[in-house]
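There are 4 protein chains.
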Amino acid sequence: MELLVRYGTEEQKARWLIPLLEGKARSCFAMTEPQVASSDATNIESSIREEDGFYVINGHKWWITGILDPRCQLCVFMGKTDPHAPRHQQQSMFLVPMDTPGIKIIRPLRVYGGTLWVFSGGHGEVLFEQVRVPKENIILGPGRGFEILLGRLGSGRIHHCMRLIGCSERVLALMKARAKSRVAFGKPLVEQGMVLADIALSRVEIEQARLLVLKAAHVMDVAGNKVGALDIAMIKMVAPSMASRVIDRAIQVFGAAGLSSDHPLAQFFVGVRVLRLADQMHQRSVAKMELKHRS
Amino acid sequence: MELLVRYGTEEQKARWLIPLLEGKARSCFAMTEPQVASSDATNIESSIREEDGFYVINGHKWWITGILDPRCQLCVFMGKTDPHAPRHQQQSMFLVPMDTPGIKIIRPLRVYGGTLWVFSGGHGEVLFEQVRVPKENIILGPGRGFEILLGRLGSGRIHHCMRLIGCSERVLALMKARAKSRVAFGKPLVEQGMVLADIALSRVEIEQARLLVLKAAHVMDVAGNKVGALDIAMIKMVAPSMASRVIDRAIQVFGAAGLSSDHPLAQFFVGVRVLRLADQMHQRSVAKMELKHRS
Amino acid sequence: MELLVRYGTEEQKARWLIPLLEGKARSCFAMTEPQVASSDATNIESSIREEDGFYVINGHKWWITGILDPRCQLCVFMGKTDPHAPRHQQQSMFLVPMDTPGIKIIRPLRVYGGTLWVFSGGHGEVLFEQVRVPKENIILGPGRGFEILLGRLGSGRIHHCMRLIGCSERVLALMKARAKSRVAFGKPLVEQGMVLADIALSRVEIEQARLLVLKAAHVMDVAGNKVGALDIAMIKMVAPSMASRVIDRAIQVFGAAGLSSDHPLAQFFVGVRVLRLADQMHQRSVAKMELKHRS
Amino acid sequence: MELLVRYGTEEQKARWLIPLLEGKARSCFAMTEPQVASSDATNIESSIREEDGFYVINGHKWWITGILDPRCQLCVFMGKTDPHAPRHQQQSMFLVPMDTPGIKIIRPLRVYGGTLWVFSGGHGEVLFEQVRVPKENIILGPGRGFEILLGRLGSGRIHHCMRLIGCSERVLALMKARAKSRVAFGKPLVEQGMVLADIALSRVEIEQARLLVLKAAHVMDVAGNKVGALDIAMIKMVAPSMASRVIDRAIQVFGAAGLSSDHPLAQFFVGVRVLRLADQMHQRSVAKMELKHRS
Numbered sequence: 001m002e003l004l005v006r007y008g009t010e011e012q013k014a015r016w017l018i019p020l021l022e023g024k025a026r027s028c029f030a031m032t033e034p035q036v037a038s039s040d041a042t043n044i045e046s047s048i049r050e051e052d053g054f055y056v057i058n059g060h061k062w063w064i065t066g067i068l069d070p071r072c073q074l075c076v077f078m079g080k081t082d083p084h085a086p087r088h089q090q091q092s093m094f095l096v097p098m099d100t101p102g103i104k105i106i107r108p109l110r111v112y113g114g115t116l117w118v119f120s121g122g123h124g125e126v127l128f129e130q131v132r133v134p135k136e137n138i139i140l141g142p143g144r145g146f147e148i149l150l151g152r153l154g155s156g157r158i159h160h161c162m163r164l165i166g167c168s169e170r171v172l173a174l175m176k177a178r179a180k181s182r183v184a185f186g187k188p189l190v191e192q193g194m195v196l197a198d199i200a201l202s203r204v205e206i207e208q209a210r211l212l213v214l215k216a217a218h219v220m221d222v223a224g225n226k227v228g229a230l231d232i233a234m235i236k237m238v239a240p241s242m243a244s245r246v247i248d249r250a251i252q253v254f255g256a257a258g259l260s261s262d263h264p265l266a267q268f269f270v271g272v273r274v275l276r277l278a279d280q281m282h283q284r285s286v287a288k289m290e291l292k293h294r295s
Numbered sequence: 001m002e003l004l005v006r007y008g009t010e011e012q013k014a015r016w017l018i019p020l021l022e023g024k025a026r027s028c029f030a031m032t033e034p035q036v037a038s039s040d041a042t043n044i045e046s047s048i049r050e051e052d053g054f055y056v057i058n059g060h061k062w063w064i065t066g067i068l069d070p071r072c073q074l075c076v077f078m079g080k081t082d083p084h085a086p087r088h089q090q091q092s093m094f095l096v097p098m099d100t101p102g103i104k105i106i107r108p109l110r111v112y113g114g115t116l117w118v119f120s121g122g123h124g125e126v127l128f129e130q131v132r133v134p135k136e137n138i139i140l141g142p143g144r145g146f147e148i149l150l151g152r153l154g155s156g157r158i159h160h161c162m163r164l165i166g167c168s169e170r171v172l173a174l175m176k177a178r179a180k181s182r183v184a185f186g187k188p189l190v191e192q193g194m195v196l197a198d199i200a201l202s203r204v205e206i207e208q209a210r211l212l213v214l215k216a217a218h219v220m221d222v223a224g225n226k227v228g229a230l231d232i233a234m235i236k237m238v239a240p241s242m243a244s245r246v247i248d249r250a251i252q253v254f255g256a257a258g259l260s261s262d263h264p265l266a267q268f269f270v271g272v273r274v275l276r277l278a279d280q281m282h283q284r285s286v287a288k289m290e291l292k293h294r295s
Numbered sequence: 001m002e003l004l005v006r007y008g009t010e011e012q013k014a015r016w017l018i019p020l021l022e023g024k025a026r027s028c029f030a031m032t033e034p035q036v037a038s039s040d041a042t043n044i045e046s047s048i049r050e051e052d053g054f055y056v057i058n059g060h061k062w063w064i065t066g067i068l069d070p071r072c073q074l075c076v077f078m079g080k081t082d083p084h085a086p087r088h089q090q091q092s093m094f095l096v097p098m099d100t101p102g103i104k105i106i107r108p109l110r111v112y113g114g115t116l117w118v119f120s121g122g123h124g125e126v127l128f129e130q131v132r133v134p135k136e137n138i139i140l141g142p143g144r145g146f147e148i149l150l151g152r153l154g155s156g157r158i159h160h161c162m163r164l165i166g167c168s169e170r171v172l173a174l175m176k177a178r179a180k181s182r183v184a185f186g187k188p189l190v191e192q193g194m195v196l197a198d199i200a201l202s203r204v205e206i207e208q209a210r211l212l213v214l215k216a217a218h219v220m221d222v223a224g225n226k227v228g229a230l231d232i233a234m235i236k237m238v239a240p241s242m243a244s245r246v247i248d249r250a251i252q253v254f255g256a257a258g259l260s261s262d263h264p265l266a267q268f269f270v271g272v273r274v275l276r277l278a279d280q281m282h283q284r285s286v287a288k289m290e291l292k293h294r295s
Numbered sequence: 001m002e003l004l005v006r007y008g009t010e011e012q013k014a015r016w017l018i019p020l021l022e023g024k025a026r027s028c029f030a031m032t033e034p035q036v037a038s039s040d041a042t043n044i045e046s047s048i049r050e051e052d053g054f055y056v057i058n059g060h061k062w063w064i065t066g067i068l069d070p071r072c073q074l075c076v077f078m079g080k081t082d083p084h085a086p087r088h089q090q091q092s093m094f095l096v097p098m099d100t101p102g103i104k105i106i107r108p109l110r111v112y113g114g115t116l117w118v119f120s121g122g123h124g125e126v127l128f129e130q131v132r133v134p135k136e137n138i139i140l141g142p143g144r145g146f147e148i149l150l151g152r153l154g155s156g157r158i159h160h161c162m163r164l165i166g167c168s169e170r171v172l173a174l175m176k177a178r179a180k181s182r183v184a185f186g187k188p189l190v191e192q193g194m195v196l197a198d199i200a201l202s203r204v205e206i207e208q209a210r211l212l213v214l215k216a217a218h219v220m221d222v223a224g225n226k227v228g229a230l231d232i233a234m235i236k237m238v239a240p241s242m243a244s245r246v247i248d249r250a251i252q253v254f255g256a257a258g259l260s261s262d263h264p265l266a267q268f269f270v271g272v273r274v275l276r277l278a279d280q281m282h283q284r285s286v287a288k289m290e291l292k293h294r295s
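Protein chains in written order, with the UniProt record's numbering: chain C, 1 to 295; chain G, 1 to 295; chain H, 1 to 295; chain S, 1 to 295.
Rendered as structure tokens:
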């Protein structure tokens, strides 16, 4: 939706925004491909050719969140329109109605044999075979897929960092409550040095991440995403691994109960692992910006 | 089974060993309780009273592996026979046939919404209400539960360390194969410093743990579990966190695929987390022995 | 000086503040003792008895910063006036002019065979034997040493966190400049994943610590040290280990040159190690406050 | 010396081995250069030209251990004889008597303002200007410097790993003795969870490194350095960082005393940092061998 608001034409908005905002329809985003390391989006290989005033899409995508939901009516598809253009101008994005012929859902993807808390509706693996969309379904224009991606990821994805801080606060509260109520080796957990260290480390890591997310949000608000690019990349790099450590400590304090479905820790543990996949990518962005602009 | 072989009477062996060895029956082990930190086994609170030549068992147990399996015919139960005895002589162990009245399975326990690779048959939460067993079902004698536990855990549990090393080797092989086949940011993964570091760290950690497990097994073979106690505690402390790090690195190299059910990494990731729960307990044992015997 | 301003009587201020402010005199602080773990100040054992209207001090102190400086005219001494009082009211603080008979400097203390950047004037080990001071030299009153300590350490010591952030920024700038100018294994350092990761990690850790120190300072300014106690403890816990990691990474990028006296890194490395000594103490404070006030 | 024994001609051995073995003379090794990242030895730039039956050496070297010792009579010099040869055949090694004209010692190098325990005699920075040596002073032949280096580092340098294990054992013994004798926050250190964890981690890390060094030595003895290459690289990668962690924990247990010259910890801390400089280089070797030979 944010993508439509920012980059859509008036026609595109008129057609899709209202049902999406009303919650009658939902959309999905088809980027990741099983054949290539998709955290580097220039690797994406799905082909999109022009033909008779249409674009014809062929590709194999997976981890498409929400595509299994019956309400899903729109797919934003990213693929290669011009393999010979400069590396960051080869990709374009398209609006693909889900009822277009040629979209074949292969299977739902399971993670750890279950579904994930962080995403609703599950994720699917999908084939796009000779899927034809009208030329006006392109977003922003040919070769501008990467540009949109940067814009969308820059603004859209800091939400999850905020959620991770909330999640970590809840986990720390659970850890403290547990530590106060349990005894091991003759002493309340709350008087044991290791547990105190775990609580202290969790508190300082959460607090520092909170301050960084607040700073990033503030810079975005007053000076825009471009000025805030380093702060945005920093918090994306920091938040998942921070949450991951806090959750892991809490599980240790809980013992076996921490992994049962009686508590939310195991779900958090597993969900946060997914978000950590992008760690190196964000590290790379932070380092590149740091080297370019700050020395 | 090892427990029966080592501590069982001739009658107990005659009754149970053959069906267990033939795989017609299986047994389960009821130790952990939801109310107390059970990694310190002196915390265990289930009550066992003598009455009319029987022992009467009341208690609430969970994480009983295998109890849900229809073939499970025998439960080894640990509980408190004498609350006034010295701390390590309060517990006793009993053979409880699964068809004894009063055993109520409350629910299967789910971990991350699924079942775990490391254990077969799932784990259950179970109530024991007025469960009566004949006096001769006691193992070794009253107040000797802790002693059996030390013996059994000492010998029995090094198996999982060996399995963890095999598991880690397989994971490293997967990581290498993946790194050879993928390109990101314009370079094969196999030429990227971070990936090389991950491979090198995994190799040295696996190799060191392998040598330690071999040493522990060797000392146990030639000098017995008592002499090998420190080595046993060391490998138990080391193996789960080692495997945990190796698996986590492999997932990072695989990206989203690493968390899908197409590869075993996600299952390993989740399974190993369970084994890490005992880390602090083993750390404590290593430190105590180190302080006592080596200075 | 801050201590005098806050806790001194008018007479004490009149006598000492002007020469200290003018830099004609300097003071030192005698707290740490070689016989006890002095990071827990209730362990301090130096005895202070009343006798004929005087206090008589006997004790053995070390790591007294500045006492070797010829300009040092005043020693603030902490010791036990009442061993039978409640644990936090046994200690008192005194102003001891350096020309009082009985103060015997045993030796300068050397660290790594050299002196440290973080402190000026070196540190001494000193005996106090039958040192007599007038009763009015007590600060705040009998049994209030611990209270003063809490107040002083709360306000005084956040300075070093600010300096550590400045130090870390300089180190990161050096690391970046070096990475830009060097080639290893056929590639500029600045294109190597490990070096990029080091730069990124350093940047996010510095930035988060900076935000935390700014928050702590702000809370102290607007709401006072008491309200800011948790923030103060947090930044003290965070800053030394953060700087330590940044410096260590820079040394790795510099290679042998990083340890030579051509660059400041080795001195920073060694100086920061001293500051990390208090890590567990601050961890403990953070955890205790977190458990008390936040749940 | 090992280098001479293995690669020297009969004449070279006759001239130098006896005085070296008798301790009347000592030798030094001139490899590292201030201008390039010398952990990648192909970067070495010192020029060596043939002229009138002599080799003429020009170069700038530093960190030459032992060159300041008056007994130092022989320098083994590595430089580039053929810049146009394949990358690993450009370098050659020479025996350069220290009384050859043109060797100018610029300065002793200081580390942390002191000298280092690990090396005797200090290290120097030295200019070689038009230093002429006879053709027969070449070792093994033109372009074989890299080959010698691999051979020498393979065999020579595992000694320091053994010493690091001995050093770590001593440090752990000191840590335990200290922990037994001190009280903080109302409890003996030896009953505090953090200290127990530090002792346990140190024990398992030392033990694993010991087993690895024993394995590497054993493989070298029975199958030679080539077969043992991976094991050798592994222990070199592992030992310095292991020792570094053990020492750091001990310093934390000692507090300020750990950094004073009353105990050896500060010297160890600083000395081990030097050895960690090569960590990435060894990581790289391990990873490359692992990828080549094991999959």
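All C-beta atoms, glycine included, are put in the ideal place defined by N, C-alpha and C. Just so we're clear, the structure is a prediction, and the values are computed from it rather than from any experiment.
Check this for me: beta carbons of A177 of chain G and V195 of chain G, under 8 Å apart or not?
To locate residue 177 of chain G, count along the second sequence from 1; it is residue 177. To locate residue 195 of chain G, count along the second sequence from 1; it is residue 195. No; because the gap between Cβ atoms is not below 8 Å, this pair is not in contact.
Could you spell out where the alpha helix (DSSP H) holding V246 of chain C opens and where it closes?
Here residue 246 of chain C refers to the residue found at position 246 when the first sequence is read from its first residue. Unbroken alpha helix (DSSP H) run through V246 of chain C: 229-254.
Leaving out five residues before and five after H282 of chain G in sequence, what residues of the same chain have Cβ atoms less than 6 Å from its Cβ?
Stepping through the second sequence from its first residue, residue 282 of chain G is reached at position 282. For H282 of chain G, where only same-chain residues beyond five positions count, the Cβ hits under 6 Å are A233, K236, M237.
Burial state of R284 of chain C (16 or more Cβ within 10 Å)
Working through the first sequence from its first residue, we reach residue 284 of chain C at position 284. Under this definition R284 of chain C is a buried residue.
Pick from C:G23, C:R107, C:T81, C:E147 that is closest to E50 of chain C, judged by C-alpha positions
In the first sequence, residue 50 of chain C corresponds to position 50, counting from 1. Taking only the C-alpha atoms, the option nearest E50 of chain C is C:T81.
Against A197 of chain S, what residues of chain G qualify as contacts under a CB-to-CB distance less than 9 Å, listed in chain order?
Numbered from 1 along the fourth sequence, position 197 holds the residue referred to as residue 197 of chain S. The contacting residues are Q280, Q283, R284, A287.
What are the residues in the stretch 196-216 of chain G lying within 8 Å of chain H by C-beta distance?
A197
Going by the CB atoms, is the gap between Q91 of chain C and P83 of chain C shorter than 8 Å?
Mapped onto the first sequence, residue 83 of chain C falls at position 83. Mapped onto the first sequence, residue 91 of chain C falls at position 91. No, Cβ-Cβ distance for P83 of chain C and Q91 of chain C is not below 8 Å.
Helix, strand or coil for A25 of chain S? Go by DSSP, reduced to three states.
Within the fourth sequence, residue 25 of chain S is the residue found at index 25, counting from 1. Reduced to three states, the DSSP call for A25 of chain S is coil.
Can you check the stretch 170-230 of chain G for any alpha helix (DSSP H) of at least 4 residues that lies completely inside it and give the ranges in chain order?
193-227
Spatial distance of H218 of chain G from H159 of chain G (CA atoms)
Taking the first residue of the second sequence as position 1, residue 218 of chain G is located at position 218. Taking the first residue of the second sequence as position 1, residue 159 of chain G is located at position 159. Approximately 13 Å between the Cα atoms of the pair.
Check whether the Cβ of V222 of chain C lies closer than 7 Å to any heavy atom of the ligand PLP, and answer yes or no.
The model depicted lacks the ligand PLP and carries no ligand whatsoever.
Rounded separation between N225 of chain H and R6 of chain H - CA only
Counted from its first residue, the third sequence places residue 225 of chain H at position 225. Counted from its first residue, the third sequence places residue 6 of chain H at position 6. For N225 of chain H and R6 of chain H, the distance between alpha carbons rounds to 13 Å.
Tell me the rounded alpha-carbon separation between V118 of chain G and G271 of chain G.
As a first step, residue 118 of chain G is located in the second sequence; it is residue number 118 there, counting from the start. As a first step, residue 271 of chain G is located in the second sequence; it is residue number 271 there, counting from the start. A caution first: V118 of chain G carries a pLDDT of 40, below 50, which makes its placement in the model unreliable, though a value can still be read off. If you take the alpha carbons of V118 of chain G and G271 of chain G, they lie about 6 Å apart.
So what's I106 of chain C in DSSP terms, helix, strand or just coil?
Looking up residue 106 of chain C in the first sequence gives position 106. I106 of chain C falls in the strand class under three-state DSSP.
Please name the residue or residues paired with C161 of chain H in a DSSP beta bridge.
In the third sequence, residue 161 of chain H corresponds to position 161, counting from 1. Per DSSP, none; premise fails for C161 of chain H.
Using the three-state DSSP reduction, which class does L116 of chain H fall into: helix, strand or coil?
Working through the third sequence from its first residue, we reach residue 116 of chain H at position 116. With a pLDDT of only 43 at L116 of chain H, under 50, the local geometry of the prediction cannot be trusted, and no value is derived from it.
Just list the residues that DSSP pairs S92 of chain H with in beta bridges.
Indexing the third sequence from 1 puts residue 92 of chain H at position 92. DSSP, once it has assigned bridges, lists H:G79 as partnering S92 of chain H.
Could you tell me how far apart the beta carbons of K215 of chain H and D198 of chain H are, in whole angstroms, since I believe they sit closer than 8 Å?
To locate residue 215 of chain H, count along the third sequence from 1; it is residue 215. To locate residue 198 of chain H, count along the third sequence from 1; it is residue 198. Actually they do not touch by this definition, with Cβ atoms about 26 Å apart.
Please report the distance separating the alpha-carbon of A266 of chain H from that of D69 of chain C.
Locating residue 266 of chain H in the third sequence gives position 266, where the first residue counts as 1. Locating residue 69 of chain C in the first sequence gives position 69, where the first residue counts as 1. The straight-line gap from Cα to Cα measures roughly 59 Å.
Touching or not, the stretch 48-65 of chain S and the stretch 20-27 of chain S, by the rule of three or more beta carbon pairs under 8 Å?
no
Decide if G79 of chain G is buried, meaning its Cβ has at least 16 other Cβ atoms within 10 Å, or exposed.
Numbered from its first residue, the second sequence carries residue 79 of chain G at position 79. G79 of chain G should be labelled buried.
Since A41 of chain C meets chain G, which of its residues come closer than 7 Å, beta carbon to beta carbon?
If you number the first sequence from 1, residue 41 of chain C lands on position 41. The contacting residues do not exist; A41 of chain C stays about 11 Å from chain G at best.
Neighbour-count burial assignment, G255 of chain H, 16 or more Cβ in a 10 Å radius
If you number the third sequence from 1, residue 255 of chain H lands on position 255. G255 of chain H is buried by the Cβ-count criterion.
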